[in-house]
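Undergrad: Mind having a look at this structure? Questions to follow.
Protein chains: 2
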Amino acid sequence: MSHESNHQNCPIEKTMNVIGGKWTFLILRDIFYGPQRFGELQRSLRGISPRTLSLRLKELEEEGIISRVIYSEIPPHVEYSLTKRGQSLHPIFEAMKEWGNSWDVLGQKK
Amino acid sequence: MSHESNHQNCPIEKTMNVIGGKWTFLILRDIFYGPQRFGELQRSLRGISPRTLSLRLKELEEEGIISRVIYSEIPPHVEYSLTKRGQSLHPIFEAMKEWGNSWDVLGQKK
DNA sequence: CGGGATCCTGCCTGATACTG
DNA sequence: CAGTATCAGGCAGGATCCCG
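Structure below.
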């Protein structure tokens, strides 16, 4: 069967629709290290605007990838962490990590 | 000032810089099935413009992910296939495929 | 058939200011 | 601290034409 037939159900396409955004991978990478606060993410992802970060986090929350926990304190305290579904992305990140490590900048295998 | 984070050498970031484009994953997915011609890719990736396809292919070629083989015929015949480096991306695609397959549209685990 | 050249559009994104 | 509101801009991508 030709792969050209029907891409709507292509699992890779589905995956990319969920985590394919420009910042999404980097946000998730951070959260993989442990629960992150908004400000922590903003500082870590130097250059991301609060607006964009907020949008991406909301997206990920709606996709069930991360969960948002609010601690009712003053000052406010919000933590983003991975859901089960989010944690199941781990093999993808591991594969990317390994690939990124195994080739240097010039594209030569280490 | 581009976004420099304290993750400059993060392998995930490096990987995304190479294959993180909007169409890049889908182009590579097709080539993983076997060498592809320009027209085949264009038909398969419904909606991609020749301009964009051309740009992405050139990028991937410069990154050493795919190779471009020209058969001197009339009509012209060009084939894109994976280099060794491109093939080494396979685990990433496998992980994404598996993830995309294991969750349905509603985010429920199958 | 495989693209390059051109022009154009729109979405994503950034910057900044502001608030509970 | 954790965001929203508003405004504006760039750049990836689309549409089209054309040529080797």
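Those protein sequence lines, which keep their order, are chains F and W. The opening position of the first sequence corresponds to residue 773 in the working numbering, with each subsequent residue numbered one higher. The opening position of the second sequence corresponds to residue 773 in the working numbering, with each subsequent residue numbered one higher. Idealized CB from N, CA, C, for every residue including glycine.
Quick check: the Cα distance between W:R857 and W:S821, rounded to an integer number of angstroms?
TA: Position 85 of the second sequence holds residue 857 of chain W. Position 49 of the second sequence holds residue 821 of chain W. Using only the alpha carbons, I get a separation of about 26 Å.
Undergrad: For chain F, find out if any of its Cβ atoms is closer than 8 Å to the Cβ of W:P783; answer yes or no.
TA: As a working mapping, residue 783 of chain W is identified with position 11 in the second sequence. True, the Cβ-Cβ gap to chain F drops below 8 Å.
Undergrad: Quick one: any contact between the segment 856-870 of chain W and the segment 787-803 of chain W, if contact means 3 or more CB pairs under 8 Å?
TA: Touching, yes, given that three or more Cβ pairs across the two stretches are closer than 8 Å.
Undergrad: Is F:Q880 helix, strand or coil by DSSP?
TA: Position 108 of the first sequence holds residue 880 of chain F. In the structure shown, F:Q880 sits in coil (DSSP, three-state: anything other than H, G, I, E or B).
Undergrad: In the DSSP assignment, the alpha helix (DSSP H) including W:E785 goes from what residue to what residue?
TA: Start at 1 with the first residue of the second sequence, and residue 785 of chain W comes out as number 13. Taken as a continuous stretch (DSSP letters only), the alpha helix (DSSP H) holding W:E785 covers P783 to I791.
Undergrad: For W:K786 and chain F, any beta-carbon pair shorter than 8 Å?
TA: Against the second sequence, residue 786 of chain W aligns to sequence position 14. For W:K786, the answer is yes, since a Cβ of chain F falls inside 8 Å of its Cβ.
Undergrad: What does DSSP give as the partner residue(s) for W:E851 in the beta ladder?
TA: Taking the first residue of the second sequence as 1, we reach residue 851 of chain W at position 79. Note: W:E851 sits in a beta bridge opposite W:R809 and W:V841.
Undergrad: Is the Cβ of F:W871 closer than 8 Å to any Cβ of chain W?
TA: Residue mapping note: residue 871 of chain F aligns to position 99 of the first sequence, counting from 1. So yes, F:W871 belongs to the interface.
Undergrad: For W:W871, collect the residues of the same chain with a Cβ closer than 7 Å to its Cβ; drop the 5 residues on either side in sequence, then sort them by chain order.
TA: Position 99 of the second sequence holds residue 871 of chain W. Nothing meets the Cβ criterion.
Undergrad: Could you tell me whether any Cβ in chain F is nearer than 8 Å to the Cβ of W:L829?
TA: Here residue 829 of chain W is taken as the residue at index 57 of the second sequence, counted from 1. For W:L829, the answer is no, since every Cβ of chain F falls outside 8 Å of its Cβ.
Undergrad: Answer with yes or no whether the minimum CB distance from W:L832 to chain F is below 8 Å.
TA: Working through the second sequence from its first residue, we reach residue 832 of chain W at position 60. Chain F contact via Cβ: absent.
Undergrad: Would you kindly work out how many angstroms separate the C-alpha atoms of F:L852 and W:P848, rounded to a whole number?
TA: Here residue 852 of chain F corresponds to residue number 80 of the first sequence, with the count starting at 1. Here residue 848 of chain W corresponds to residue number 76 of the second sequence, with the count starting at 1. Reading off the sequence shown, one finds Tyr at residue 852 of chain F, where the question assumed Leu. Spanning the two alpha carbons is a distance of roughly 53 Å.
Undergrad: Pull up the distance between the alpha-carbon of F:S826 and that of F:L817, whole angstroms please.
TA: Taking the first sequence and counting its residues from 1, one reaches residue 826 of chain F at position 54. Taking the first sequence and counting its residues from 1, one reaches residue 817 of chain F at position 45. The alpha-carbon atoms of F:S826 and F:L817 are separated by roughly 13 Å.
Undergrad: Tell me where the alpha helix (DSSP H) around W:K856 begins and ends.
TA: Translated into the one-based positions of the second sequence, residue 856 of chain W becomes position 84. Note, W:K856: alpha helix (DSSP H), K856 to Q859.
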